[in-house]
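Residue numbers (our numbering): 333 to 1208. Cβ coordinates follow ideal geometry from the N, Cα and C atoms, glycine included. Small disclaimer: the values here were computed from a predicted structure and weren't measured. Structure first, commentary second.
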């Protein structure tokens, strides 16, 4: 070393040389370096000093100048400067150097790399505690620490300017410190697992990696100089800035979410306002799947920063961490975004690779379904998909009725069985009249009984016995909840069919829609549609049917949007026959003939119509047209905006934001409508996937009092509606038109409702069947007429549908799903018998009428010709 000092051509004072040598020995001793490492460190530090001195142009090196250089390098290490490191036993120096070098290599590079790869492959931490690799940016941050440590420990880094090494060291230390902080709450558990089972080193690795990274940084030549500190700080603050950019939106969302869940109304409203101002939708959606009603107890980094420390509370003799109610979070998600959470694809993960034959989904994608057998659609299940879809239908213009059958096939890619759930919107005034499940390739028909009885059977067979049932129950006016379990694991499939009877309104009938679902839809899936009718018809008023034998048919391939967003309609120009009749297969003897006759009536104008407009963001795009439409209806119409309260300021200046509770505004409107006769309430809304505190008050207003005030529900945007689920048993709660032509359909319907005018209603009569059908007045039609008559009788027979035995028996006899009756298909006859159920006779179920074969038509034509010829001969 002295030779290098002489070679530099500088004149050193004796005290300066002694001071510098003592500093070098102290640094080697403080870092516990061996002979080779100590020599390298001495050379690096000395060369750095010589570069500084050469730049200053000074030829004499004094002790004060050396002290200044030592200060820039971090000062004299805190060791006994009189004790020479070289005096340490050679064996001790080797052991110390080997242990520290092994620690640095193992926990600076090897273990972090292994744990990083393990988490990418299995997602273990992300499924149990929190996801440390939530985005690809997080993956890059962790990978950077491993790469930086390896590079700084290699000899190649010495060929690079110190500032770049300082920049890399500062960034890697900042990142490793952040991840060490995240894993601190797991340290007690990890130590216990390490002592008891020899496991736990994986979760300790981030903490140990921070210690190794810090040591690697301090061993760099130039460490402690002014230049080093400047660039090291830049790297550190750059890493901190990157972490803040990634985590601040999530942390803001979590803090505001915590406030919005407060029991204090003022704090809760403030939290929701804070979220509406700015939030991370991904974080909010993730929280919907966490907690006691979610599918996982793990969280993301922001959630872990909020609650992870609570894992240490049991070790401090404190209460365990709080029970997180994801059901409340889902309501907040709607109030903030205006969307129902299960209408959005569930959160995705960076890593989806497989590990030892098991996909990452087995660990962390949302597979644990706490809502199995329940009465809500709830969470989306990853790996559960609709893979095939078919729609068959028949339109009958004479009876003004349609029958549609929707066949669906679900596939489950998970390693455990899953339940498929969906809420379906039926055609206007439609009713489910058939439910079928395929068991071992054979179709099995449903049993119809009380809602409680069929649900109890489903829960017993599906949830407990893990066999094959399907359940259909009403969940609102024109809405049903469909559940089938189990969808077999590992690619297993289940096939079901839902049959629907519905009237034609002015020759038009809607096709069913999916309002909520817990499954995905296979990419590029198209629904195969076949519709037939005796007379010409069209799809959406554009695609016309074509001649098919003596009738008409139409084949289509529809994208999922037709059943998720847009809605689809079939229209026929055929006018209904004035009088029609059918043979009722379920009627009492002497009442087999059911006749319907159209009667013209004059509908009176309303004295008062209160229109409640949902203040949610989903209704916002309609605001301008709604304003003009409602103004055109005249002074008898009062508009109120439902914005978690009652807003009478008008639509023109209102700002639609988030999701709003419509209950208080509906309650106000019903009370106001009771003040005068001939009143009605029209509710224009989007999805309402949250409960309202006004539910019982609304039920009381609909149940009590002499006057029944009609409440018409018109969905401007389709979606789940918890209020309708609670109120649909009341006769006065009705659905308005499905909007096929936008607001034009709404305007014509509202004008008719408000101003009155001629209206056609049905009159029904029964009598014994005539032995000679040719002598019966009217046109004979199919027995769907009897099912529709029964559905209307159940819906309008009393002020509210009740669960009495006679009403349920009547609905079950006609094979209908109503407010208090449902349908269930079980796997075996013994299961039906065990639950006091009897499946319907397949010969009595409704069907899409079959089209005769060409040969049959030929025989009919020949037979008809012969009959006409014989009659002519008889006459002559």
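Straight-line gap, residue i to residue j (C-alpha atoms, nearest Å)
i	j	result
residue 513	residue 619	22 angstroms
residue 689	residue 560	Interpretation of residue 689 is limited by its pLDDT of 36, a score under 50 that renders its predicted location unreliable; the figure taken from the coordinates is listed afterwards. Going by the C-alpha atoms only, they are around 48 angstroms apart.
residue 978	residue 1033	17 angstroms
residue 1096	residue 723	31 angstroms
residue 651	residue 452	Reliability fails at residue 651, whose pLDDT of 49 lies under 50, so the model's placement of it is uncertain and the value that follows must be treated cautiously. Taking the straight line from one Cα to the other gives about 33 angstroms.
residue 813	residue 963	38 angstroms
residue 521	residue 566	35 angstroms
residue 408	residue 573	32 angstroms
residue 1045	residue 1058	13 angstroms
residue 382	residue 502	25 angstroms
residue 987	residue 1021	21 angstroms
residue 1144	residue 918	10 angstroms
residue 1026	residue 826	39 angstroms
residue 604	residue 581	15 angstroms
residue 525	residue 470	27 angstroms
residue 499	residue 467	24 angstroms
residue 888	residue 607	44 angstroms
residue 1108	residue 1029	50 angstroms
residue 546	residue 459	30 angstroms
Whole-angstrom C-beta distance between residue j and residue i, which should lie under 8 angstroms
i	j	result
residue 833	residue 1116	5 angstroms
residue 282	residue 506	Shown here, the chain extends from 333 to 1208; a query on residue 282 therefore has no answer.
residue 1120	residue 835	6 angstroms
residue 755	residue 829	So it is not a contact: roughly 17 angstroms between Cβ atoms.
residue 740	residue 721	6 angstroms
residue 905	residue 982	Their Cβ separation, rounded to whole angstroms, is 41 angstroms, which puts residue 905 and residue 982 out of contact at 8 angstroms.
residue 900	residue 1158	Actually they do not touch by this definition, with Cβ atoms about 32 angstroms apart.
residue 865	residue 877	7 angstroms
residue 678	residue 714	6 angstroms
residue 1149	residue 842	No, residue 1149 and residue 842 are not in contact; Cβ-Cβ is about 18 angstroms, not under 8 angstroms.
residue 951	residue 1056	Actually they are not in contact, since the Cβ atoms of residue 951 and residue 1056 sit about 16 angstroms apart, beyond 8 angstroms.
residue 436	residue 544	5 angstroms
Reference residue i, options the options, closest by Cα
i	options	result
residue 395	350, 408, 931, 824	350
residue 941	1006, 580, 911	1006
residue 455	632, 590, 547	632
residue 749	818, 706, 812, 755	818
residue 578	539, 510, 984	510
residue 786	375, 357, 401, 1140	1140
residue 487	373, 474, 732, 385	373
residue 537	581, 802, 477, 491	477
residue 820	782, 609, 777, 744	744
residue 1010	1088, 796, 706	1088
residue 535	550, 448, 609	448
residue 1167	792, 398, 664, 937	792
residue 670	612, 597, 1019	1019
residue 391	1023, 345, 1049	345
Beta-bridge partners of residue i, as assigned by DSSP
i	result
residue 919	Answer by DSSP bridge pairing: none, since residue 919 is not bridged.
residue 914	926
residue 721	740
residue 492	DSSP, once it has assigned bridges, lists no residue as partnering residue 492.
residue 1091	933
residue 564	Residue 564 pairs with nothing; no bridge assigned.
residue 883	880
residue 845	757
residue 888	861
residue 825	743
residue 462	631
Sub-7 angstroms separation of residue i and residue j beta-carbons
i	j	result
residue 666	residue 991	yes
residue 1013	residue 1043	yes
residue 557	residue 404	yes
residue 969	residue 980	no
residue 1155	residue 767	yes
residue 1111	residue 863	no
residue 824	residue 717	no
residue 1132	residue 1152	no
residue 776	residue 815	no
residue 599	residue 809	no
residue 1067	residue 932	no
Residue i at chain B interface by Cβ criterion, 7 angstroms
i	result
residue 1143	Considering every chain present, this structure includes no chain B. It has just one protein chain.
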